[in-house]
Each structure stands twice: as structure tokens, then as C-alpha cells.
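In what follows, a single structure is set out as C-alpha cells and then discussed.
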């Protein structure tokens with residue numbers, strides 16, 4: 001059912017508030033992430049490739065035999081002998097660079113074996129020359145060219161150390177005892193270490209790829225891929241990037257030291273769009289992986305239909321995120337990710353200091369990635385477990401989420417124009433039907449207490465979102481609960497727009513740029529504390545206005561009333577508590593709700609005291625009191641179902657009208673007794689006309 005049908009009589013004032021908010025958000029800078037040529041999602045006719053035990057068709061090795069023997073000396077004897085036999089063969093008929101072997105692939109279903117060693121792919125490293133140096137293509141926001149597939153094929157090493165273009169059912173495997181025995185190193189001279197483009201059925205196994213200016217292993221427009229026991233590290237952006245792909249499997253992988261995420265299944269095939277929670281299959285499966293010491297362990301703009309289970313995401317700034325915030329990604333808005341049985345813990349790193357001190361402005365090779373530096377590429381709240389920034393029909397069940405200083409789960413909406421879609425019908429199309437159930441929050445697998453700062457942070461927008469009972473700290477204070485069956489929600493909310501102060505925080509915090517060394521002032525994600533925080537600045541501004549208006553109103557209209565004076569003191573306490581609470585990022589809802597309660601009592605008492613002299617202002621004041629108390633109830637006790645906007649929006653609009661009216665009323669002159677001879681009481685009836693003289697009236701003379 002559409003919002004228009006559900007709320008045919010939404011007051012014009014509420015729609016005006018929504019329009020004002022969207023206009024404000026429209027002023028935010030355009031978001032940019034992974035930019036790629038226009039690409040269609042696969043047709044889904046492929047399948048997940050299987051590992052082949054067959055002997056390799058092509059071999060890659062270096063010719064330094066003593067170095068090779070040192071590398072293999074500690075291998076188990078059987079594996080060492082196999083590698084020695086492969087080396088004998090490779091010396092005679094093998095290749096010295098992986099790209100040479102890839103270029104020699106002449107049929108589907110071939111296997112390439114890479115023997116232990118360091119592969120810097122020297123022939124691929126030089127900068128483009130001749131025709132390749134003069135390609136005409138648009139530039140991305142990060143400065144690299146967005147090349148067509150034909151341009152990639154013509155100049156494969158403009159951006160890629162190893163380019164795998166249009167190969168089918170190719171298997172590439174390291175033959176070492178561990179994934180670090182074979183290392184493919186781009187030395188920060190290429191955008192990608194390995195790019196597999198339009199190469200269906202590709203299988204990567206048992207090696208390391210590292211040190212790029214974008215990502216180590218990139219699979220684009222592939223129907224069928226496996227990433228098995230591969231390590232990626234020390235990249236400006238991603239460790240693993242799979243984009244516009246289907247029938248994919250990540251297993252037993254590891255990634256660290258990346259400026260965006262270790263694992264990024266962006267624009268996974270959107271096969272479940274339009275379905276509910278129950279789906280026939282997922283486009284990509286991620287299992288047994290460990291992603292740590294990145295900006296975020298897992299991320300995915302339009303990460304659709306991804307099944308993420310039995311992984312570990314820890315020691316990042318954020319454990320995992322999915323979003324609908326960046327344009328140019330097929331499959332938006334994001335939908336149908338499923339997270340279960342993952343360890344998501346202690347994601348409390350804060351790498352923004354490397355942006356502030358200029359480390360990230362140095363060339364990549366000088367930044368110190370190998371010593372633990374990470375240069376965060378986008379804005380995100382450090383200390384968070386799972387972030388959903390505009391997603392639908394996601395399921396988070398049976399995960400361990402603990403040890404985060406900010407929040408275990410973070411859910412916010414993203415208006416569609418942020419991703420470049422201007423239709424009004426789409427502006428509230430995200431953050432619906434996200435299910436958080438049966439997770440272990442604030443405890444590790446042994447049962448030891450490892451609390452999150454709060455378990456749930458939610459901006460309040462969306463319909464059909466639900467959480468398990470009893471999170472330890474949440475904002476809002478009471479959340480809609482998931483039923484026993486998927487699709488059942490108790491106390492369901494249905495909000496067009498989130499809470500105003502939270503949206504202001506998100507807007508301010510999003511104004512980040514690693515390239516410009518721009519860390520938004522006022523956002524605690526980047527270190528703002530106390531009076532520096534935008535929430536506190538808003539609270540101070542509101543408190544100053546209400547203190548001034550309330551003080552004048554008390555002096556001119558209420559100081560003669562005991563009730564009015566007592567109510568004004570409650571209002572003063574409420575304003576002070578509201579400002580104090582705003583300085584504490586993890587305050588939850590108790591303090592704000594108590595502040596609203598005191599403010600509501602102030603306006604209730606003032607309204608009653610004003611009734612004899614200012615009946616219309618009294619009615620408006622009592623309305624404001626009711627809305628304020630309703631807002632406190634909504635935040636701390638129960639989110640009121642089926643209303644399109646939080647009471648905070650209506651309260652804010654009424655408060656503006658009330659403040660203006662109260663100022664005007666206070667400015668009018670009063671009598672000695674404090675009454676207003678020109679007030680808004682009903683006017684006194686006019687005096688009767690003077691009596692006329694008649695013949696019966698005695699002559700005063």
C-alpha cells in the first residue's frame with residue numbers, strides 16, 4: 001500500500017516539514033564510491049564453479065632456484081616434492097609472470113598454477129604510452145579514468161597489474177603451503193592487482209594480492225566465481241571487490257589494511273527484488289572469512305541477495321555495512337542481505353586521525369599501510385557493529401555482536417535523490433522490513449559480558465522494521481518486536497522521515513572528504529565532544545530561544561501565578577537537562593525523555609495559568625504541552641504506530657508558532673494588576689446608548 005493511500009489526510013504542515021527536510025538534504029555534497037562503466041547484471045544462467053583437482057595446464061614461477069628452495073624448505077614433504085616437480089617442469093615450459101600465462105589461455109576450463117614466490121609483474125608496471133596514454137574516457141571523482149570494456153582490452157595495464165578479460169572457467173591457484181607463499185604485489189602502481197572482467201566461472205585459490213591504489217582482487221560482470229583461501233591487504237579502497245556479479249562464493253578468505261572495506265560485494269545480482277524474507281537463492285555467499293583492521297570489514301552498495309554467514313569481522317572502524325547511498329550502482333535500493341552466525345565484535349578502531357594529520361595526503365607508498373595506517377575513504381560512525389544506511393528486507397539473526405563503544409546495530413534511511421533518483425514516490429523507499437532477531441548482544445561466545453555502548457541506534461524512519469526483545473540500550477527506547485514468524489511485527493511503526501536531530505547529525509557527519517582532508521566539525525564520529533557536537537549546538541540554540549521567550553512570558557504574564565512560576569522552573573530544569581543530555585552521545589532515551597517530560601509540564605502549567613487572561617495563547621500552549629508529552633512517550637515508552645512523522649516534527653512546528661505568539665503577547669501593555677486590556681479575550685460589549693429625552697423626563701433645569 002502506498003503512503004498516499006495510507007495517509008490521504010496528512011496535514012499540509014507535515015508535508016511542508018518533509019519538503020523542508022529533503023531540501024536541506026539536497027544541499028549535501030554528491031556521494032561517490034566505486035565508479036565503473038555502465039554495466040548490466042548477469043542473466044543468472046551461470047553457476048558457482050567447482051574446484052578442479054586436475055594437473056595444471058600452465059605454470060608460473062621465478063627462475064631463482066635457491067630462493068624457491070628456501071621458500072619450500074619447511075613445507076610438508078609431500079607438498080615440497082610436488083612443488084619441486086612442478087618447478088622442474090616450469091623451468092622448461094612455464095611462464096615468469098602471471099599475465100603471460102593468462103594471455104596463453106586459449107580455451108575454457110584451463111588451470112594455472114603459480115609456484116611460491118613474489119610476483120611484481122614487471123612488464124605490466126610501466127605507465128601507459130602511445131595510444132594507451134591518450135584514451136578518451138570520463139574521469140572518476142578519484143581521478144582515474146572510467147574505461148569501457150573495449151578500452152580495457154586494448155590497454156589492459158593502464159589500470160591493472162593482471163588483466164583477465166573474457167576468459168571462461170579459468171582456475172588460478174597458488175601451490176604453496178599457505179596463501180602467503182604466493183604474493184602478487186602491485187607496489188601501489190596500479191589501480192587493481194588482479195581484474196577479472198566478463199570472465200564467467202573463474203576460480204581463485206591460495207595466494208595473496210596486495211598494495212594497490214584501489215583494490216587487490218576485482219571481479220566485474222561475472223556469472224560464477226569463487227574466491228577460496230585468498231588474502232588481500234594494504235589497498236586504498238578494497239581488498240576484494242566483486243561488482244555486478246552472480247553465482248559467487250567467498251570462502252576462507254582474509255583481508256586487512258583497506259581504506260574502505262575488506263570485502264565488498266557491490267551490486268550483487270538483484271535476483272530477489274520484490275520478494276519478502278523467504279527467497280529461492282542468494283546471488284553471493286560469503287563464509288569462513290576474516291576481515292579486520294579496515295575502515296569496515298564488509299560493505300556493499302546495492303549488496304543485494306548476499307548470504308553472509310560464519311565469518312568474523314573485528315578490529316575495524318565498523319564491522320559491516322550495506323547502503324543505498326551512492327549513484328551508479330545497479331540494483332538500488334539495497335535489499336535482501338542475510339547475516340547469520342557471524343562474530344561481529346570490537347570494531348572500535350578510529351583511523352580519521354591519519355586524515356587529520358596529513359598522513360593520508362602522502363603518496364600511498366609513503367603512508368605506512370604495512371605498519372597499520374588506514375586512510376578511511378567515506379564517512380561512517382566508528383565503534384559500530386552492523387550499519388544499514390538505506391536497505392530493505394535484510395535479515396540479521398543468530399550473530400554475536402559485542403564490544404562496540406557506539407552501537408551494535410545502526411539503521412538509517414537514505415532519500416533516493418542521494419543516489420540520483422528524483423521521483424517523489426521513491427524518496428522514502430529505504431529502511432523497510434529489516435529484521436534483527438535472535439542475536440547475542442553484549443556477550444561473547446563464552447557468555448562473558450562484553451556490552452555495546454548501546455545495542456540499537458535507529459533514526460526512526462521506515463515500516464516493518466523489527467528487533468528482538470530486550471536490547472541493552474536503544475534509541476528509540478522501545479523498539480518494534482519481531483514475531484515468531486518472519487513478517488510478524490508487534491508495535492510496528494511506519495514513519496516517512498526519521499527524528500529531526502538525528503537527521504541533522506547524519507547530514508553534518510556525511511560532509512567528509514579524505515581527498516580534501518575535510519573532517520566535519522560538530523560530528524562526534526570525527527572526535528567532536530561536548531559543546532562541539534551538532535546535537536548540543538542545536539539543543540543550546542533551542543534552549544536559548546525558549547529561555548528568552550519563557551522568561552519574558554513569565555515576567556509579563558505569569559509571575560503573579562504560583563502555578564505559572566512553578567511551571568517555569570520545571571521548564572528551566574527541562575532545558576538544562578536537554579542540553580546536558582545532548583553532550584552525551586550514548587545517553588539513550590532516558591535523559592531526553594525526562595527533559596521532554598519537564599518541558600511538557602512547563603507548558604501544561606503555563607497554559608492553565610494563561611487561561612483567564614490569554615485563552616487562545618493558553619490553548620496553543622496546552623497543545624504544545626500535549627505534543628511534548630506525546631513525544632516523550634514516543635521516544636521512551638512506545639513508538640506510536642501508523643503515524644507518518646514523529647511527534648517531534650509537529651512539536652517543533654507548533655513551538656515556532658508558540659514562540660512568536662508568546663513574544664507578541666508579552667509585548668502588549670498590561671494593567672497594574674497584570675491583566676492585558678487589549679488581550680485575546682472576547683471583547684467587552686459596547687456600552688448602551690445614552691437615554692433620549694422625552695416629555696416624561698423632567699427638565700434638569
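Numbering (our numbering), first residue to last: 1 to 701.
Glycine is no exception: its CB is placed at the ideal position from the N, C-alpha and C atoms.
Terminal residues of the continuous beta strand (DSSP E) containing residue i?
i, result
"residue 210", "202-212"
"residue 233", "223-235"
"residue 307", "306-309"
"residue 171", "171-174"
"residue 113", "111-114"
"residue 370", "Element bounds for residue 370: n/a, residue is neither H nor E."
"residue 571", "No beta strand (DSSP E) contains residue 571, which is instead part of the alpha helix (DSSP H) from 562-582."
"residue 250", "246-251"
"residue 58", "58-60"
Residue range of the alpha helix (DSSP H) that residue i falls in?
i, result
"residue 500", "500-509"
"residue 352", "352-356"
"residue 608", "590-610"
"residue 548", "534-553"
"residue 379", "Premise fails: residue 379 is in no alpha helix (DSSP H) and is neither H nor E."
"residue 630", "615-636"
"residue 703", "Outside the displayed span of the chain (1 to 701) sits residue 703, for which this structure offers no information."
Going by CA-CA distance only, name the one from the options that's closest to residue i.
i, options, result
"residue 208", "614, 224, 514 and 183", "183"
"residue 251", "637, 40, 49 and 37", "49"
"residue 603", "637, 158, 590 and 568", "568"
"residue 155", "171, 141 and 136", "136"
"residue 144", "363, 153, 159 and 425", "159"
"residue 175", "55, 256, 276 and 151", "55"
"residue 636", "475, 555 and 533", "475"
"residue 535", "547, 501 and 257", "501"
"residue 210", "364, 341 and 93", "364"
"residue 391", "373, 414 and 378", "414"
"residue 265", "334, 544, 481 and 507", "334"
"residue 99", "127, 172 and 546", "172"
"residue 497", "421, 432 and 302", "432"
"residue 416", "532, 424 and 578", "424"
"residue 132", "150, 121 and 488", "150"
"residue 563", "601, 547, 551 and 595", "601"
Just the C-alpha distance for residue i and residue j, rounded to the nearest angstrom, thanks.
i, j, result
"residue 285", "residue 308", "6 Å"
"residue 745", "residue 317", "No answer is possible for residue 745: it lies beyond the span of the chain, which begins at 1 and ends at 701."
"residue 625", "residue 463", "28 Å"
"residue 693", "residue 668", "Residue confidence for residue 693 is low, a pLDDT of 44 falling below 50, so the modelled location carries little weight and cannot support an answer."
"residue 520", "residue 514", "11 Å"
"residue 254", "residue 65", "29 Å"
"residue 319", "residue 665", "54 Å"
"residue 620", "residue 460", "27 Å"
"residue 577", "residue 361", "42 Å"
"residue 91", "residue 63", "7 Å"
"residue 338", "residue 204", "24 Å"
"residue 224", "residue 42", "10 Å"
"residue 420", "residue 123", "40 Å"
"residue 657", "residue 340", "49 Å"
Quickly, what does DSSP pair residue i with across the bridge? List them, please.
i, result
"residue 345", "314 and 402"
"residue 196", "164 and 219"
"residue 322", "300 and 388"
"residue 145", "139"
"residue 35", "Residue 35 pairs with nothing; no bridge assigned."
"residue 266", "243"
"residue 436", "396 and 467"
"residue 457", "410 and 475"
"residue 334", "391"
"residue 482", "489"
"residue 182", "117"
Inspect the beta-carbon positions of residue i and residue j and report whether they are closer than 8 Å.
i, j, result
"residue 336", "residue 310", "no"
"residue 327", "residue 39", "no"
"residue 439", "residue 399", "yes"
"residue 186", "residue 161", "yes"
"residue 59", "residue 147", "no"
"residue 441", "residue 434", "no"
"residue 522", "residue 528", "yes"
"residue 705", "residue 570", "As displayed, the chain neither begins before 1 nor continues past 701, which places residue 705 out of reach and without an answer."
"residue 709", "residue 598", "Given a span of 1 to 701 for the chain in the structure shown, any question on residue 709 remains unanswerable."
"residue 306", "residue 244", "no"
"residue 46", "residue 247", "yes"
"residue 715", "residue 623", "Missing from the structure shown is residue 715; the chain here goes from 1 to 701 and no further."
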